[in-house]
Amino acid sequence: MAPPVPGVAPCLRSVNTGEISEVVFNNWSPRSVLPVWVDFDGRPRHYPVLQPRSGRRMYSYRGHLWLFRDAGTNDGLLVNQQELFIAAPNVIKADITLPVFTLKERCLQVVRSLVKPVDYRKLDIVRSLYEELEDHPDVKKDLQRLSLERSEILRNGVLE
Numbered sequence: 002m003a004p005p006v007p008g009v010a011p012c013l014r015s016v017n018t019g020e021i022s023e024v025v026f027n028n029w030s031p032r033s034v035l036p037v038w039v040d041f042d043g044r045p046r047h048y049p050v051l052q053p054r055s056g057r058r059m060y061s062y063r064g065h066l067w068l069f070r071d072a073g074t075n076d077g078l079l080v081n082q083q084e085l086f087i088a089a090p091n092v093i094k095a096d097i098t099l100p101v102f103t104l105k106e107r108c109l110q111v112v113r114s115l116v117k118p119v120d121y122r123k124l125d126i127v128r129s130l131y132e133e134l135e136d137h138p139d140v141k142k143d144l145q146r147l148s149l150e151r152s153e154i155l156r157n158g159v160l161e
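Under the numbering used here, the letters of the sequence shown match residues 2 to 161, in that order.
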């Protein structure tokens with residue numbers, strides 16, 4: 002792999018291998034799940050929602066990257082206890098579960114579900130929480146963060 006180019010953000014993207022990888026997406030969570038395929042240019046592509054406690058057989062390809070989001074809140078979910086799923090011929094299931102949210106993350110989720118964004122600043126809360134409430138979960142930001150984390154791991158010569 003080529004070293005990172007200074008000033009250019011790394012980009013996670015699916016690899017076009019052409020090798021089919023059949024996998025079952027199992028939604029073990031109580032939430033509706035939005036599967037997100039990261040295309041060959043690193044752009045998120047949404048797939049049909051998986052209802053709670055349901056599954057779907059998918060025909061993906063080796064090297065394709067997937068993220069899973071809460072369809073209602075866009076919060077990131079885990080797949081096989083990771084944030085990112087990489088399709089491979091020897092991986093036949095993708096078990097989607099809720100992460101363990103911090104108390105603060107869970108409180109932000111609840112407030113976002115109860116209060117309209119235009120009303121966040123009317124709440125009698127500490128000022129720093131306004132920005133955190135307004136900083137909604139975003140798949141593109143998560144892809145950027147994951148790209149940077151992976152780049153750092155590769156730079157340090159440590160692979161998971």
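Where a beta carbon is used, it is the ideal one built from N, C-alpha and C, also for glycine. Predicted, not measured: the structure shown is a model, and the values here were computed from it.
Practice task
Would you kindly work out how many angstroms separate the C-alpha atoms of residue 150 and residue 156, rounded to a whole number?
Solution key: Their backbone Cα atoms lie some 10 Å apart in a straight line.
Exercise for the section: Tell me where the beta strand (DSSP E) around residue 62 begins and ends. Expected result: Per DSSP, the continuous beta strand (DSSP E) segment holding residue 62 begins and ends at 56–62.
Handout entry: Cβ contact check for the region 41–49 and the region 88–104: 3 or more pairs under 8 Å
Key = The region 41–49 is not in contact with the region 88–104.
Problem - residue 112: first and last residue of the uninterrupted alpha helix (DSSP H) it sits in - result: Residue 112 -> alpha helix (DSSP H) spans 104–115.
Practice task
Report back the beta-carbon spacing between residue 16 and residue 144 to the nearest angstrom; my notes put them in contact at under 8 Å.
Solution key: Not quite, the Cβ-Cβ distance comes to about 15 Å (not below 8 Å), so this is no contact.
Handout entry: Counted within 10 angstroms of its Cβ, other Cβ atoms place residue 65 as buried (16 or more) or exposed
Key = Around the C-beta of residue 65, 16 or more other C-beta atoms lie within 10 Å, and the residue is accordingly described as buried.
Practice task
Give me the Cβ distance between residue 110 and residue 139, rounded to the nearest whole Å; I'm assuming they're in contact under 8 Å.
Solution key: Not quite, the Cβ-Cβ distance comes to about 14 Å (not below 8 Å), so this is no contact.
Handout entry: Selection from 97, 52 and 106 that minimises the alpha carbon distance to residue 134
Key = Here the closest residue by C-alpha is 106.
Practice task
Measure the C-alpha to C-alpha separation of residue 56 and residue 126 and round it to an integer number of angstroms.
Solution key: Between residue 56 and residue 126, the C-alpha separation is close to 40 Å.
Handout entry: Spatially closest choice to residue 164 from 123, 119 and 61, by CA coordinates
Key = The structure shown does not extend to residue 164, since the chain spans only 2 to 161, so no value can be given for it.
Problem - Which listed residue (22, 69 and 63) has its alpha carbon closest to that of residue 29 - result: Check the Cα spacing between residue 29 and each of 22, 69 and 63: the tightest is with 69.
Exercise for the section: Give the DSSP-derived three-state secondary structure of residue 119 in the structure shown. Expected result: Judged by DSSP in its simplified three-state form, residue 119 adopts helix.
Practice task
Taking the CB atoms as reference points, tell me whether residue 189 and residue 96 lie closer together than 8 Å.
Solution key: No answer is possible for residue 189: it lies beyond the span of the chain, which begins at 2 and ends at 161.
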